[in-house]
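Report on one structure; see the data block that follows.
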Amino acid sequence: MQKIQNHSNTRSQTFDMVLSAMLIALVFVATVFLNIKLPITANGGLVHLGTAMLFITSILFGPKKGAIAGAIGMGLFDLISGWTLWAPFTLVARGLQGYVVGKIAWSKGRNGSSITFNLFATILSVPVMLVGYYICEGILFHNWIVPVASIPGNIVQNVVGIVVAIPVCAVLKKVSFFK
Amino acid sequence: MTEILSFQNVSFSYTPDQPDKRKAVQNVSFSVNEGEWIAIVGHNGSGKSTMVKLVSGLLFPQEGEVRVMRNVLTEENLWETRSNIGMVFQNPDNQFVGATVQDDVAFALENSGVPYEEMVERVHTSLSQVKMDKFLNHEPHHLSGGQKQRVAIAGAIAMKPKLLILDEATSMLDPQGRDEVLKTVRELRKEIGLTVLSITHDVEEALFADRILFMNDGKKYAEGTPSEIFALGDKLIEFGLELPFAMRMTKLFQLKGVQLAGQHMTEEELVNDLWTSNFNK
Amino acid sequence: MMEKMIFGRYIPGDSFVHKLDPRSKLVFVFAFIIVVFLANNVMTYAFLIVFTLLVIFMSRIRLYFLLNGLKPIIFLLVFTFLIHIFFTREGDILFELGFFKIYEEGLRQGVFISIRFLVLVLMTSILTLTTSPISITDGIEVLLNPLKKLKLPVHELALMMSIALRFIPTLMDETDKIMKAQMARGSDLSAGPMKERIKAVVPLLVPLFVSAFKRAEDLATAMEVRGYRGGEGRTRYRQLEWHWQDTISLILLVAMTILLVLYRS
Amino acid sequence: MDIKLQQVSYAYSMGTPFEKYALFDVDLTIPHGTYQAIIGHTGSGKSTILQHFNGLLKPSKGQVHIGDRLIVAGKKAKELKPIRQKVGIVFQFPEHQLFEETVLKDIMFGPMNFGVSAEVAQKRARDLIKLVGLSEETLDKSPFDLSGGQMRRVAIAGVLAMEPEVIVLDEPTAGLDPRGQREIMDMFYSLHKERQLTTILVTHSMEDAARYADNIAIMHEGKCVLSGTPREIFADSKTLEQYRLEPPHIVRFQAKIERLMNQPLSRICLTEEELADEVARALREGRDKQ
Ligand SMILES: Nc1ncnc2c1ncn2[C@@H]1O[C@H](COP(=O)(O)OP(=O)(O)OP(=O)(O)O)[C@@H](O)[C@H]1O
Ligand SMILES: Nc1ncnc2c1ncn2[C@@H]1O[C@H](COP(=O)(O)OP(=O)(O)OP(=O)(O)O)[C@@H](O)[C@H]1O
Ligand SMILES: [Mg+2]
Ligand SMILES: [Mg+2]
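This is the structure in structure tokens:
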């Protein structure tokens, strides 16, 4: 199916806004609802797919939507689960992460269709997110050792995210809607 | 008679660069007058939704012109035109914008900058017109499909439109939901004299219309009163539709040798005929 | 599963705190997060605790819900406490066992930081327990309004949030349905070897994205047909009302700040 | 393969404050080779019950027999995969489950998950695409480039390709135009007849239930309140009304005619042809008597 021609400017603006909203909802849903059980025991072995969804969003739709979906989708999760206090940090750390992934995956007109660059983008975004959270939690706990505790969990999450997101993007990029 | 909407030799193709492909809408002309109920029927993919997009200026025809309230629809008068048309689409979930019923009904009012006090009043009136006033603060996922569609209708009539367009608004609903919605539309027509353009492949629904447009493969195959259209008989079946129940029964009765005086579209007529032709001698 | 998530932690009620305007609650919590850092001695931390208990009391939230919300952070709380105890080497030694020593300053720090962390978590929890996500969105929109001048698309962001909230239950349902449909075709996210489980994500996420995309198209069409063309010239149906209670709560916070400033060392 | 539900109750969100029972003590037996319809008002528990037929949901109380497998409440059920292969489910709007690059791959997805070889799966796809009324060229297209009705057919082929012994249909024709509806319902009926495929149809259409089913069960507020042949079920419109259902159009019309003729016809008619026959015969007999 061909995309409907965008006759008016408002049309594409409205659609962009609504699509971003859907992506926020998707990231949120993946964070609370989609879990994979890992054989390792961190967090009871349950790893959510929110990070994977964030990667996919950034790779498919670029830095801006990726940043918005990551920041608000996961910030909303913090707000609604017991992590309210983390919401502002998440907003920053995940927003940056989404932006970095999108920026690299979409660099030089690649638009997320180069698997190598997608992989590169996701891997490079991991330290960005880790440092973001580290600094925020450091201030919160008045200590630079405590925040180290959340690093292993975050790394596992990101690794699962990458392992899931790269193949899913490869498939989605072939669907006519997302070319 | 005041003309509200008309198509004049309208053609539209989603793939203008491939001229050999069938156009989604091909050389269609018709007009709708104030107060009428027009039904557009046709198989899946016959171009019905494309016509709706042409009316609302989401698409513009490549040939011909679309006139709303006697003005040719252009980019310039698009927004004014839209405020005169209310639309309800197929999927009840995908057109609910607001967080609650009342927010959703207010959406179009907010867009056109209606002042707060007037908004409140209009939201309440239109919700009571579709009998959803008890659900003001309900969230969409706690409503049935039929209720969501009624909210969508309320949202449309809150703008006091001249024309209400239903694009298969009942096709995803269960029978009860479908009845609810149709009843609502019929009552609204009486109450506020709305002009209705309803798109459907449910022939029983089309029976209520004053006039039917019968689409096939992007072309208008026929136009006429329900009795004229359903007189086409096998053509309807050939083009993906079916005959109304009463007509199917009439045909079967005649085939089995039951005496009947004529063709019937409604059950009442058929039963009466059955009575006069067979018992009342 | 669904219901639990949609409402999140918001528990409807009609307490003093519930009835406050979301704007005052947001300002209050935001200011509180900063003010907390003023506390630095027993007295000021005691003020913080009393103040927090007061707010909890006024919100009439069942303790069960509050404590339930603390579950995920218990570990962090204990961890923070221990780290401070073990790694601070100032002040008198309070306790000694071999090379393992606990210093006075360590205990002090551990207790203070834990209290600070706890009141922060409690206060932010009260915000989300007494305010629906949609009114939080409204509050944020109005508060950020001045930033419109800096070209920040405040209205669009707020509408985006509210649409996202509106579609979360819908997409959750959808996810559940697709998951079940694929399970019925023999692909299972929750069973089998690791590789299979990761492979099972593709048949779930592809349809989910396609469906979200189509919904976005439909909704954009519906919105435009209903006259939506950006925030310009729109009026608001959802009105926020500032009451005397809101003013009082902010005055309380100011009073509390003054106390902290006076009594901190 | 028989399916038997015994005293099955099911609660969503078990053990949370949001616990909600959707089924109460349901007993239902579906013998091998029957065409069973399940009808009921919206929210009566139809979709919930059908997910018990292949272990997607496990009963909160009671037990479910699926062939020789037994799923009992409270006990862990291992290896449900073989059951899922034997009981195929076509969900409402099944086109939402398509995801592969090509139609062919998508149809092969189910069988290959159950260990069928690629060649066999491919052969099945080629046979099925014609059975569901599409051309073989469709196999190479992306499923997302098809029309809604075509996508529906591909999704159905994807379930049939697993060669299940039981097929469960949740409103398989919703949203299609009348011809599409008729074609798909007729296709399932001929499969049922030719291959003795046990068929379970969940539907809002009393017409379809009357026309195709051997047996109908009525769900109401989570309970299975009535079960019987279509003739038994539709003979009593008072009871149906109690469950917020209407008899099929044809049955209501028959009642009108009977009132007109002032005498009942010899039986409840379930299809239009039957009614026409009955009325013609009654009129002939009436004339002969005069
Ligand atoms: N966005 C699009 N891009 C390309 N082709 C399209 C698009 N939308 C519709 N078409 C094609 O245009 C034709 C008419 O489609 P339209 O949606 O108007 O039909 P319809 O009568 O509304 O069908 P239905 O009953 O299924 O809603 C079809 O052949 C369809 O495949
Ligand atoms: N995931 C869920 N969580 C909680 N409650 C649910 C869930 N799914 C269904 N229910 C509830 O269970 C009851 C039965 O729902 P079910 O979907 O089985 O009804 P149905 O007969 O299939 O309805 P329909 O005709 O609308 O498809 C309803 O009251 C519904 O609200
Ligand atoms: Mg259409
Ligand atoms: Mg159902």
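Residue numbers (UniProt numbering), protein chains in the order written: chain A, 1 to 179; chain B, 1 to 281; chain C, 1 to 265; chain D, 1 to 290.
All residues carry an ideal CB built from backbone N, CA and C; glycine is no exception.
Ligand 4 heavy atom lying under 7 Å from the CB of residue 170(D)
yes
**Item:** Short Cβ contact (8 Å threshold) for residue 137(B) with residue 102(B)
**Value:** yes
Identify which residue in 90(C), 230(C) and 126(C) has its Cα closest to the Cα of residue 110(C). 90(C)
>> Bridge partners for residue 3(B) per DSSP, in chain order?
In response: 33(B)
Distance, Cα to Cα, residue 109(D) vs residue 158(D)? 7 Å
message: To be precise: take each residue of the stretch 129 to 161 of chain D, compare its Cβ to all Cβ atoms of chain A, and keep it if any distance is under 7 Å. Which residues remain?
response: 142, 144 and 145
How far does the alpha helix (DSSP H) with residue 252(D) in it reach, from first residue to last?
249 to 261
According to DSSP, is residue 223(D) helix, strand or coil? strand
* To do: Would you be able to state if there are at least three C-beta pairs under 8 Å between the stretch 103 to 118 of chain C and the stretch 71 to 89 of chain C?
  => yes
Exercise for review: Could you run through the stretch 154 to 176 of chain A and flag, in chain order, every residue whose CB is less than 8 Å away from some CB of chain D?
Suggested key: 171, 174, 175 and 176
My output table needs one value for residue 215(D): the three-state DSSP class, helix, strand or coil. strand
For the alpha helix (DSSP H) holding residue 105(C), just list the boundary residues, first then last. 104 to 130
Any Cβ of chain A within less than 8 Å of the Cβ of residue 58(C)? no
- Just by C-beta distance, which residues in the stretch 169 to 197 of chain B are closer than 8 Å to chain D? 171, 172, 174, 175, 176 and 177
| Which listed residue (31(A), 29(A), 68(A) and 51(A)) has its alpha carbon closest to that of residue 156(C) | 68(A)
message: So, with DSSP's three-state summary, where would you put residue 27(D)?
response: strand
ask   = residue 232(B) and residue 249(B): beta carbons closer than 8 Å?
value = no
Checklist entry - Going along chain D, which residues have a C-beta under 9 Å from residue 210(C)? => result 96, 98, 99 and 144
Quiz prompt | Under 8 Å from the C-beta of residue 204(D): neighbouring residues of chain B | solution = 174 and 175
Three Cβ pairs or more, each shorter than 8 Å: is that satisfied between the stretch 30 to 41 of chain B and the stretch 4 to 18 of chain B?
yes
- Run through DSSP, which three-state label would residue 261(B) get? coil
Using beta carbons (cut-off 8 Å, strictly below), is residue 221(C) in contact with chain B? yes
- Under the three-state DSSP convention, the category residue 89(C) falls into: coil
Mind listing which residues of the stretch 76 to 96 of chain B have their C-beta closer than 8 Å to chain C's C-betas, in chain order? 79, 82, 83, 85, 87, 89, 91, 93, 94, 95 and 96
### Query
Taking 7 Å as the line, does the beta carbon of residue 42(D) fall inside it for any heavy atom of ligand 2?
yes
- Message: Is residue 20(D) a contact residue of ligand 2, with contact defined as CB to any heavy atom under 7 Å?
- Response: yes
| query | Interface residues of chain C around residue 83(A) at Cβ under 7 Å? | reply | 72
Who does residue 215(B) pair with in a DSSP beta bridge? 42(B) and 220(B)
Pair within 8 Å by beta-carbon distance, residue 83(D) and residue 113(D) | no
Cβ pair count under 8 Å reaching 3, the stretch 118 to 136 of chain D against the stretch 195 to 204 of chain D: no
Counting contacts by CB-CB distance shorter than 8 Å, is residue 89(D) in contact with chain G?
No chain G is present in this structure, whose protein chains are A, B, C and D.
9 Å Cβ cut-off: residues of chain A touching residue 87(C): 143 and 145
Pull up the distance between the alpha-carbon of residue 161(D) and that of residue 204(C), whole angstroms please.
19 Å
Check: So does the stretch 168 to 181 of chain C actually touch the stretch 23 to 36 of chain A, counting three or more Cβ pairs closer than 8 Å?
Finding: yes
Any contact of the stretch 140 to 149 of chain C with the stretch 13 to 26 of chain C, i.e. 3+ C-beta pairs under 8 Å? yes
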